[in-house]
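Asker:
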Amino acid sequence: IEFVAAALVLSSCTIRDGNGITARIKMRNGELDIDLQNSKMETGEWTAVAFGPDMTDLEIYLFDLKGTRVRDQSGFSTGYESPTLDSSSSVSVRDSTYSGGTLHARFSRTLKGAGPRKHDLESCAMVALAYGAMEGESVGAHYERPYQTRVCFAECK
Numbered sequence: 001i002e003f004v005a006a007a008l009v010l011s012s013c014t015i016r017d018g019n020g021i022t023a024r025i026k027m028r029n030g031e032l033d034i035d036l037q038n039s040k041m042e043t044g045e046w047t048a049v050a051f052g053p054d055m056t057d058l059e060i061y062l063f064d065l066k067g068t069r070v071r072d073q074s075g076f077s078t079g080y081e082s083p084t085l086d087s088s089s090s091v092s093v094r095d096s097t098y099s100g101g102t103l104h105a106r107f108s109r110t111l112k113g114a115g116p117r118k119h120d121l122e123s124c125a126m127v128a129l130a131y132g133a134m135e136g137e138s139v140g141a142h143y144e145r146p147y148q149t150r151v152c153f154a155e156c157k
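1 is the number of the first residue of the sequence shown in UniProt numbering; add one for each residue after it.
1) Quick check on the burial criterion: 16 or more other C-beta atoms within 10 angstroms. Buried or exposed for Ala154?
2) What did DSSP end up calling Glu155 once you bin it into helix, strand or coil?
3) Kindly indicate which three-state DSSP category Leu121 falls into: helix, strand or coil?
4) Can you confirm whether the stretch 93-100 touches the stretch 119-135 when touching is taken to mean that 3 or more C-beta pairs between the two stretches lie within less than 8 Å?
5) Determine, using beta-carbon pairs with one atom in the stretch 100-113 and one in the stretch 25-41, whether at least three such pairs fall under 8 Å.
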């Protein structure tokens, strides 16, 4: 199993879940630049990257697809239930596109405590990748167990 995990984390800052989701994380000027891509997206689905100490305390940056329009949202999860979305998104999106089944989003987040939860990412944290179906305007369950790995963001240069 350790061999498989090593193959999926190409470097400490490029993460692949082995099922179509890739997150590239780079630190610049005190902010994390995140490049999230899901090559298996269809309308009515969501994909997300989450940060936190563990699966019971995650800050989530989620992108869902309505037609060909990409929407960004932020929220949190405290365990095995669907995430709770914030009333207004705290995602700072540079651009997001959907083409040929691939959703691509570029956004940034400060290393210091940000958003309603004030998660601090100046050291190491767990990063999780997942996707699933929307249920109307609510986030449905993820299709598979989220891929999880620990990232030390100071190494993401």
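Note that beta-carbon positions come from the ideal geometry of N, C-alpha and C, so glycine has one too.
Predicted model only: the values in this text are computed from it and were never measured.
Answerer: Let me spell this out:
1) exposed
2) helix
3) coil
4) no
5) yes
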